[in-house]
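Written out below as structure tokens is the structure these notes cover.
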Amino acid sequence: MAYVLKNKEGAIIAASPDTQVAADWVEIDNADTEYLCFLDDELKKHHTFRESDIQLARVLEDLISILIDRSLISFTDFPSPAQKRLNERQTLRHKNNLQLLADDDIPPL
1 MAYVLKNKEG AIIAASPDTQ VAADWVEIDN ADTEYLCFLD DELKKHHTFR
51 ESDIQLARVL EDLISILIDR SLISFTDFPS PAQKRLNERQ TLRHKNNLQL
101 LADDDIPPL
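Residue numbering for the sequence shown is 1 to 109, as defined by the numbering used here.
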């Protein structure tokens with residue numbers, strides 16, 4: 001059983017999979033259609049933000065590369081954890097680009 005918080009109109013505005021957060025949260029069956037629709041809507045909202053975050057991270061990585069290439073900043077100006085993360089991301093992007101190029105070489109069936 002899950003717990004939900006409803007507004008004055010009776011629409012679900014918050015949910016918890018297993019914890020009654022406060023006294024005004026009501027128990028609801030996990031298979032309840034309204035509950036499942038609420039969860040689906042929330043996942044869609046979060047997916048949009050996640051995609052936006054991914055795109056913004058890519059822009060920031062590119063910006064950092066440009067600034068380093070133009071000697072406006074130095075890679076060593078970044079703290080060690082940031083350097084590590086930037087190296088990891090660059091390696092992942094490089095591997096992904098190589099994989100995409102390799103896929104183009106595969107003849108269609």
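Cβ atoms here follow ideal geometry from the backbone N, Cα and C, with glycine treated the same way.
Following the DSSP letters along the chain, one finds Lys-6 inside the beta strand (DSSP E) bounded by residues 2-6. For Ile-54, the number of other beta carbons within 10 angstroms of its own is below 16, and it is reported as exposed. The residue among Phe-78, Leu-43, Ser-74, Arg-58 with its C-alpha nearest the C-alpha of His-94 is Arg-58. The beta carbon of Gln-83 lies closer than 8 Å to those of Phe-75, Thr-76 in the same chain, with the five residues before and after it left out.
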